[in-house]
Structures are given as structure tokens and as C-alpha cells.
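Numbering (the working numbering), first residue to last: 413 to 479. Note that beta-carbon positions come from the ideal geometry of N, C-alpha and C, so glycine has one too. Note sheet for the following structure.
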């Protein structure tokens, strides 16, 4: 595994943590919304996965840089 010269490992780890937290949040929200809507557990899990798949990671990272 190689790193780009303009990216430090610390920055990559920070971005990875930001993305991980965004994925967890999206999954929880998707699962909760689906459960409230009456989907079965399996359907709620599928909704959680879909929420992660639809997450705009470019926007997540851009929003974090604005903070």
C-alpha cells in the first residue's frame, strides 16, 4: 500500500474516521426510519445498507472541512 505524497497517514486516518462515523450514522438513521415505517427487521437492515450506499462521501468530507 502506498500513500500519495500530498497525503499524510494522519490525514488519511482522520478521513477514514469521518467516513466511518458518517456510515454508522446513515445506517442507524436508515434502520430507524425503516423500522418506524413498519418494515420487518430484514427490510430495515436492507434500508440501512441502502443508506450507506447512497451516502455522498465527497459531501461528507467537504462538510467536515468547513467545520
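Task: Cβ shell of residue 472 (< 8 Å), same chain only, five flanking positions each side left out - done: Looking up residue 472 in the chain shown gives position 60. The answer, listed in chain order, is 430, 431, 434.
TODO: Name the residue from 470, 443, 464 whose alpha carbon lies nearest to the alpha carbon of residue 456.
DONE: In the chain shown, counting from the first residue as 1, residue 456 sits at position 44. Checking every option, the nearest Cα to that of residue 456 belongs to 443.
Task: First through last residue of the alpha helix (DSSP H) which encompasses residue 450 - done: Your numbering for residue 450 matches position 38 in the chain shown. No alpha helix (DSSP H) holds residue 450; DSSP gives it neither H nor E.
Open item on the list: Tell me which residue opens and which closes the alpha helix (DSSP H) that residue 479 is part of.
Closed with: As a position in the chain shown, residue 479 is number 67, starting the count at 1. Premise fails: residue 479 is in no alpha helix (DSSP H) and is neither H nor E.
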